[in-house]
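In my numbering, the protein residues as written are 16 to 295.
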């Protein structure tokens, strides 16, 4: 992948893995379109990368989880006449706890950002890549995508979707000049776990965003379909090959069970928290 002088769009670019993609692609000479909600953080990062690497950087502050947001991003790129060579769908978040006790609105938003936004962004930017017979789509999944996650049921399902979706599109496009690749990190030292609100979700030793992105770009350049950074993380994804589904669920459920005892609290979130929300 030669990104020098070309445009890369990175979602969730204000921190963590997204920020590292921006930094490392800029180091390779790529121009950047940074997309996230945190405008100030992105503008500071843009200023730093322009000075350090002499690249062009555009900032689009938007919540990609909102209906129609991906289309707004695409239209803004068109208005600025930016041809996206590399699309990095990184934005996402997780929830933790008993499914029926968690906010229905929050879990709906989780699906919108983790799944719908990825599908929409890919659907919008892929045709231009196919016309050029050139482009790369990097979708960030997770080791969570390899097995169901009790107490993080929606998050695990969204990442399983991303893994399946990206591999299917790899086959559809591998002879059309467009490369699809899935990054499946394990626990990474980012703000992810602050958003989740549960340290028990950090299964295994945390890797750094820098090493995770380095592993992704190295595997991408080696022509791999996906990568799971870290030997322990990779072995964890293979667990289902050696034990039954029930044993796997018992093991993962034991790791992720909320430590505050909320998993045994039968009080549920009132379904009225969905009031006023139009589900498309």
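Note that beta-carbon positions come from the ideal geometry of N, C-alpha and C, so glycine has one too.
For residue 205, the closest alpha carbon among the candidates 232, 272, 106, 182 is that of 106. If you draw a straight line from the Cα of residue 166 to the Cα of residue 246, it comes to about 25 Å.
For residue 242, the three-state secondary structure derived from DSSP is strand. Spatial neighbours of residue 70 in its own chain (CB-CB distance under 8 Å, excluding positions within 5 residues in sequence) are listed in chain order as 41, 44, 45, 46, 47, 64.
Comparing alpha carbon positions, the residue from 111, 112, 25 closest to residue 140 is 25.
Under DSSP, residue 154 takes part in a beta bridge, and its partners are 104, 197. Rounded to the nearest angstrom, the gap between the Cα atoms of residue 101 and residue 275 is 42 Å.
Checking the DSSP bridge columns, you'll see residue 18 has no partner listed. Taking C-beta atoms as the reference points, residue 153 and residue 113 fail to come closer than 8 Å.
Restricting attention to 156, 111, 191, 164, the CA atom closest to the CA of residue 174 is found in 156. DSSP places residue 74 in the strand class (E or B) of the three-state scheme. When the Cα atoms are used, residue 34 and residue 146 turn out to be separated by approximately 29 Å. Rounded to whole angstroms, the gap between the alpha carbons of residue 226 and residue 244 is 8 Å. Assigned with DSSP and collapsed to three states, residue 28 falls in coil, not helix or strand. In the three-state reduction of the DSSP assignment, residue 258 falls in the coil class, being assigned neither a helical nor a strand state. Sorting 75, 60, 53, 110 by C-alpha distance to the C-alpha of residue 94 places 75 at the top.
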